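If you're matching positions, the sequence shown starts at 1 in UniProt numbering and goes up one per residue. First up is the structure itself, then whatever we jot down about it.
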Amino acid sequence: MRLLNKDLRLQDVTLMYLTVLATVVVLLVASYQAPAVHSRPTLAYHILLDPLGQLELSWNISYPTQEVYLELKVKELHHGILLGMSDRGEPTNADLVLLWDDGRKSYFGDAWSDNEGRVMLDTQQDYQLLETHQSTEGFFLLFKRPFSTCDPHDYIIEEGTVHIIYATLERPILSLHELNISSLQPGIQRVLLLRPDTPSPALPRDVRTLEVLAPDVIIPTQETTYWCHIYQLPPNMPKNHIVMYESVITPGNEAIVHHIEVFECSPQMDTVPQFSGSCDSKMKPRKLNYCRHVLAAWAMGAEALPAGGIHIFASQLHTHLAGLGVRTVLVRGGREVEVVQEDKHFSTHYQIIRVLRKMVTVLPGDALLTKCKYNTEDRNKVTVGGFGIMEEMCVNYVHYYPRTQLELCKSHVDTDYLQKYFSLINRFQGRESCSCPGTTVEEQFSSLTWDSFSGEVLNSLYLSSPISMHCNQSTAVLFPGEWEKQEIPLVTAELQRAPYPCELSRRASSQNDNPTEVRPDSNV
């Protein structure tokens, strides 16, 4: 991990906690600034879509008009280009925008694909072509569309991951009816289209970089590995202020590294143990338990709070492979008052730190509820919580100030109530209930016969039974208080989504399935 700093006193030791082989870079934290005002959005964001760099997408957002401006650059345009958005990056049931030619003329249009990948022009043309031009860098296509169009064939652009699909057209298209997107072998790229309207602060001129690197590691053959490495900071290092951090991953290992965490070690550690090995190794020094304060996290995220609360300015959502969606909401007085972060199209392959468009203040007595949605229909055995990649997590790493002694809070269903569930279902299904000490929760789940009754009772258990909580200080010591058999925070009023402009006007776009004819270097 790489850290950028300006004179800050870090603890003498940091512990690197990561999956397999990688490093992270921490750059030093700058102040939160007010958004800049632009009369018209410029294209502030850019991403290469394909591995060869032939396609580049640039965009920006207008929150007042709830529109996104997009520009597609194609280095070598043949007979057209297709860009789309779908729930999980599938080529089917996708919202598409196309540029194509029939051998004589070129056309631009809003389209969609059905559940077999066949492409059809949309009767409601919501993508508006703004400009095309050709230069020595390639062909540029500028267009815009609203966040939501109230068109059932259009994707709703909202905060969170957007799965972009793309493909090039290598021959003229006489009729879109002959086009099937599945046969084009489209690529996929994941992006956050909606970003905070806050400019990224410039790094100070005197910024310095510190790379916290793990040594060369031979990757074990097991499915999941957590590797712990102690890194001692240089002696007599002056006090610094961290303004940024980023990952440093050995080229070729990008697909292997799932996440990285850097922990600061407690001042109670008078001597520094040297260790680099598996985090569950029996040889791991006990003193590593003092290294619990998260300094940085990266993925492929006394009183616990002061009287004035804390201010969350960024968050990093995290699940393993089965995760489909994550939502963290602030609850105050039994009412949802603010969504901290939500991603309805979450992907474990795109876990980035997301700066909030609006900071969220959490006060003593508030609750932060994080809920995750999973899909395990492709698995033939139960999925339980755990550190393995085939096990699951539901996590939100929140970035906040001012610093407090609260390090983490986690919860799980109370084990006594879970055992009551197993006993009930076993009796109902005519089996003896076994609460043998050596029987794991996974084994007990696997022994059940799954039907609508066992599923409904389990769902009721998770919604209503007490939970066991653990809220730790940065010294890894549990905060004083009663943490067992706690009631799930009661939510009496849920937040309602604000209506989109198209819903307020109750006026759909003109019913027109005619594409726009495109001429070189044109403003529309």
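Even glycine gets a Cβ: it sits at the ideal position worked out from N, Cα and C. Please read these numbers as outputs of a predicted model, since none were measured by experiment.
Contacts around P91, its chain only, beta-carbon distance under 7 Å, and the 5 residues preceding and following it disregarded: As a working note, residue 91 is residue 91 in the sequence shown. Cβ within range, chain order: S113, G117, I165, I181, S182, P186.
Start-end ranges of the beta strand (DSSP E) lying completely within the region 377-428, minimum 3 residues: 395-401, 406-413
Residues sharing a beta bridge with C372, DSSP: Within the sequence shown, numbered from 1, the residue matching residue 372 stands at position 372. According to DSSP, C372 bridges with V326.
Alpha-carbon spacing of P285 relative to P251, whole angstroms: Counting from 1 along the sequence shown, the entry for residue 285 is found at position 285. Counting from 1 along the sequence shown, the entry for residue 251 is found at position 251. If I take the Cα positions, the gap works out to 30 Å.
Same chain, Cβ closer than 6 Å to Y127, neighbours up to 5 away in sequence not counted: The sequence position of residue 127 within the sequence shown is 127, counting from 1. So the qualifying residues of the chain are V97, D110, F143, R145.
Cross-strand partners of K144 (DSSP beta bridge): The residue you call residue 144 lines up with position 144 of the sequence shown. Looking at the DSSP assignment, K144 forms a beta bridge with Y69, Q128.
Residues that L504 bridges to, as DSSP identifies them: On the sequence shown, residue 504 is found 504 positions in, with the first residue counted as 1. Bridge partners of L504: none, in fact.
The region 354-364 in contact with the region 195-202 per 3-pair CB rule at 8 Å: Contact between the region 354-364 and the region 195-202 is present, because at least three Cβ pairs lie under 8 Å.
Three or more C-beta pairs below 8 Å linking the region 230-238 and the region 374-387: Fewer than three beta-carbon pairs drawn from the region 230-238 and the region 374-387 are found closer than 8 Å, and the two stretches are therefore not classed as touching.
Residue burial classification, R327 (beta-carbon count within 10 angstroms, cutoff 16): In the sequence shown, counting from the first residue as 1, residue 327 sits at position 327. Buried.
V355 - containing beta strand (DSSP E), residue span: Within the sequence shown, residue 355 is the residue found at index 355, counting from 1. Unbroken beta strand (DSSP E) run through V355: 354-362.
Any chain C beta carbon closer than 9 Å to P234: No chain C appears in the structure shown, which is made up of a single protein chain.
Neighbourhood of T449 by C-beta, 6 Å cutoff - its chain only, sequence neighbours within 5 removed: Counting from one through the sequence shown, the residue named residue 449 turns up at place 449. Counting only Cβ-Cβ distances below 6 Å, and skipping sequence neighbours, we find Q429.
Coil, strand or helix - R190 by DSSP: Start at 1 with the first residue of the sequence shown, and residue 190 comes out as number 190. It is a strand residue.
Three or more C-beta pairs below 8 Å linking the region 481-501 and the region 329-346: Yes, they touch.
Extent of the continuous alpha helix (DSSP H) run through S452: Taking the sequence shown and counting its residues from 1, the one referred to as residue 452 is at position 452. Unbroken alpha helix (DSSP H) run through S452: 452-464.
Boundaries of the beta strand (DSSP E) in which F108 is found, first to last residue: Here residue 108 refers to the residue found at position 108 when the sequence shown is read from its first residue. Segment 106-113, the beta strand (DSSP E) holding F108.
S446: first and last residue of the uninterrupted alpha helix (DSSP H) it sits in: Residue 446 sits at position 446 when you count from the first residue of the sequence shown. From DSSP, the alpha helix (DSSP H) with S446 extends over 441-446.
Assumed close pair E170, H78 - CB separation to whole angstroms, cut-off 8 Å: Indexing the sequence shown from 1 puts residue 170 at position 170. Indexing the sequence shown from 1 puts residue 78 at position 78. Indeed, because the Cβ distance is near 5 Å, the residues count as touching under 8 Å.
Within 9 Å, strictly: CB atoms of H311 and V360: Working through the sequence shown from its first residue, we reach residue 311 at position 311. Working through the sequence shown from its first residue, we reach residue 360 at position 360. Yes, they are a contact pair.
For H79, the three-state DSSP class (helix, strand or coil): Looking up residue 79 in the sequence shown gives position 79. Here H79 sits in coil by DSSP.
CB contact flag (F262, Y245, <9 Å): Within the sequence shown, the letter at position 262 stands for residue 262. Within the sequence shown, the letter at position 245 stands for residue 245. Looking at the sequence shown, residue 262 is not Phe but Val. Cβ distance < 9 Å, so V262 and Y245 count as in contact.
Run of the beta strand (DSSP E) containing I312, from where it starts to where it stops: By one-based count along the sequence shown, residue 312 stands at place 312. Its beta strand (DSSP E) spans residues 310-318.
Through-space distance from V384 to D451, alpha-carbon basis: Locating residue 451 in the sequence shown gives position 451, where the first residue counts as 1. Locating residue 384 in the sequence shown gives position 384, where the first residue counts as 1. C-alpha separation (whole angstroms): 18 Å.
Neighbourhood of D154 by C-beta distance below 7 Å, restricted to the same chain and skipping five residues each side: As a first step, residue 154 must be located in the sequence shown, where it is residue number 154. D95, D126, listed in sequence order.
Cβ shell of V413 (< 7 Å), same chain only, five flanking positions each side left out: If you number the sequence shown from 1, residue 413 lands on position 413. Within the same chain, V413 has close Cβ partners L461, Y462, S465, I467.
C-beta contact flag for H320 and I389 at 9 Å: Residue mapping note: residue 320 aligns to position 320 of the sequence shown, counting from 1. Residue mapping note: residue 389 aligns to position 389 of the sequence shown, counting from 1. In contact: H320 and I389 (Cβ atoms closer than 9 Å).
Own chain residues within Cβ distance below 7 Å of Q274, not counting five before or after: Taking the sequence shown and counting its residues from 1, one reaches residue 274 at position 274. I230.
For G89, the nearest candidate out of E137, E391, S347, L72 (CA to CA): For the purposes of this step, residue 89 is taken as the residue at position 89 of the sequence shown. For G89, the nearest C-alpha among the options comes from S347.
Of the listed residues E71, L55, F147, nearest to Y63 (C-alpha basis): In the sequence shown, the residue the question calls residue 63 occupies position 63. Residue F147 holds the alpha-carbon nearest to the alpha-carbon of Y63 among E71, L55, F147.
Assumed close pair C502, C150 - CB separation to whole angstroms, cut-off 8 Å: As a first step, residue 502 must be located in the sequence shown, where it is residue number 502. As a first step, residue 150 must be located in the sequence shown, where it is residue number 150. Rounded, the Cβ-Cβ distance is 4 Å, consistent with contact.
Cβ-based neighbour list, N115, same chain, cut-off 8 Å, excluding 5 preceding and 5 following: On the sequence shown, position 115 is the one that residue 115 refers to. For N115, where only same-chain residues beyond five positions count, the Cβ hits under 8 Å are T92, N93.
Neighbour-count burial assignment, Q496, 16 or more Cβ in a 10 Å radius: For the purposes of this step, residue 496 is taken as residue 496 along the sequence shown, with counting starting at 1. Burial call: exposed.
Bridge-paired residues (DSSP) for Y45: Residue mapping note: residue 45 aligns to position 45 of the sequence shown, counting from 1. BP columns for Y45 point to W59.
Bridge partner(s) assigned by DSSP for H470: Here residue 470 refers to the residue found at position 470 when the sequence shown is read from its first residue. K410, per the DSSP bridge assignment.
Proximity below 9 Å, CB of S276 to CB of A367: Taking the sequence shown and counting its residues from 1, one reaches residue 276 at position 276. Taking the sequence shown and counting its residues from 1, one reaches residue 367 at position 367. Their beta carbons are not under 9 Å apart, which means S276 does not touch A367 by this criterion.
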